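Residue numbers (full-length UniProt numbering): 1 to 496. Here is the structure we will look at.
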């Protein structure tokens, strides 16, 4: 997912590219059906990496160089700063290329269509890489069953189940195309110091306990925000949002949509977890979607006005600067919050709507290009296993260079990790553990549609939401117009 770290400037488009959509649709066909032919059409066939005869399965590809292309996320920053242990273990050198997500998608599409593997290990964003290009990725179960290479520590079952399905699978429940690598999830960030200070006054004025908890509703969230606006000078605004005309707006709104019982398509949970190439008609024209949009419009009307200029980085910076009392945001901002406001921030699952609480999951897995040759593929497996291993995830948690939070159940059970869930914490992202572990339960996780054409649908959603927030469209009209646009996008189908 587009994450909570600064992004690199994308490279200029390659010669001959007309539009990004035309490029990616065309390359999807090559990635899925023409990989072998594309490889054979080159002037020379690529050579596989050497495999040494050794009793140590970790050293059999020593001297190999792998390329890993990733979005510039906190976990990858930590991995890049701590590659020495992997090289010492395997003798394999890893070059890491980090890019803004749209540039990464373009590079991956070109590489898969080429029939060769400039990038052996791929950051497989579920919506822009895994869904459109799953046929260009290796089914990792085959490597997990290969007795000649190290096994996957803890097996597939050690990964948090909802994350393995959302980040690792597409279309076929029995195939795994990526291992869960990062797991940013939207939760409620709030100024605990201010909530504690004003608890009694808020309780008396509002008629309910304002402490964020499992029973707090979105209506109560809005009432708390208004109370901070009207009743105290401690902070300028009660709430802020990532409501810029950007992917972040879709992310923020989706929490409310799902909580009202709305969704983008019928069988939304299945389309979000396992994915689909034909999800059917868009359901944003439902009463639940219109009600969710109307609430979101009212909520933003009382939020910090700058919300309409902020993505997740912007609202995170505003929160740390003391401009807003609370916000929904990705949980991996916790380390930055603690650095700026030690001991002052609390975290909770997002509020409930009429149907449920829903927390948007934005995690991604790492996979292996199906263009890799046999030994090259096994070498890439070594890195994939190491990069997602419990020991590496623990090191990432402690890293000063980046971080993120684990995708494995066993890491959360380690005594030092459990200790870090309370202050003082050596791993401040773990202060969110209670909130995210609730958010990742099947009943609470929010999953956007995992469909090949999602990027274009996403643009339609946040464009119409922006019109609504500017007053150019009523909530029901914005939802209906979005549904019509998405139906046209889906009707064109996808070449795979």
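In this text, a Cβ means the ideal position worked out from N, Cα and C, and glycines have one as well. Predicted, not measured: the structure shown is a model, and the values here were computed from it.
{"Query": "CB of residue 75 within 8 Å of CB of residue 375, strictly", "Result": "no"}
{"Query": "Contact between the stretch 414-432 and the stretch 152-170 (3+ Cβ pairs under 8 Å)", "Result": "no"}
{"Query": "Same chain, Cβ closer than 8 Å to residue 235, five either side skipped, listed in chain order", "Result": "191, 194, 228, 322, 323, 324, 325"}
{"Query": "Inter-residue spacing [alpha-carbon to alpha-carbon] between residue 440 and residue 55", "Result": "41 Å"}
{"Query": "Cross-strand partners of residue 282 (DSSP beta bridge)", "Result": "265"}
{"Query": "Length of the line joining the Cα atoms of residue 42 and residue 251", "Result": "Here residue 42 scores only 46 on pLDDT, less than 50, and its place in the model is too uncertain to base an answer on."}
{"Query": "Euclidean distance between Cα positions of residue 278 and residue 402", "Result": "37 Å"}
{"Query": "Assigned secondary structure, residue 468 (DSSP; H/G/I helix, E/B strand, else coil)", "Result": "helix"}
{"Query": "Extent of the continuous beta strand (DSSP E) run through residue 95", "Result": "93-99"}
{"Query": "Nearest candidate by alpha-carbon position, reference residue 337, set 319, 349, 479, 218", "Result": "319"}
{"Query": "Stretch pair the stretch 369-386 + the stretch 138-149: three plus CB contacts closer than 8 Å", "Result": "yes"}
{"Query": "Residue 58 in three-state terms, based on DSSP", "Result": "coil"}
{"Query": "Beta bridge counterpart(s) of residue 367 as assigned by DSSP", "Result": "122"}
{"Query": "Status (buried if at least 16 other CB within 10 Å, exposed otherwise) for residue 472", "Result": "exposed"}
{"Query": "Candidates 273, 71, 468, 51, of which the one nearest residue 131 by Cα", "Result": "273"}
{"Query": "Separation of residue 427 from residue 90, as counted between CA atoms", "Result": "28 Å"}
{"Query": "Same chain, Cβ closer than 8 Å to residue 474, five either side skipped, listed in chain order", "Result": "468"}
{"Query": "Three-pair Cβ contact test at 8 Å for the stretch 157-165 versus the stretch 100-117", "Result": "no"}
{"Query": "Meets three-Cβ-pair contact criterion under 8 Å: the stretch 58-67 and the stretch 377-391", "Result": "yes"}
{"Query": "Buried versus exposed, by CB contacts within 10 Å (16 or more), residue 47", "Result": "exposed"}
{"Query": "Chain-order list of residues whose beta-carbon lies under 6 Å from that of residue 210 (same chain, five-residue window excluded)", "Result": "202, 224"}
{"Query": "Contained beta strand (DSSP E) runs [length at least 3] in the stretch 209-249, N- to C-terminal order", "Result": "237-239"}
{"Query": "For residue 427, three-class secondary structure by DSSP", "Result": "coil"}
{"Query": "The stretch 257-272 touching the stretch 299-307, judged by at least three CB pairs closer than 8 Å", "Result": "no"}
{"Query": "Beta bridge counterpart(s) of residue 182 as assigned by DSSP", "Result": "364"}
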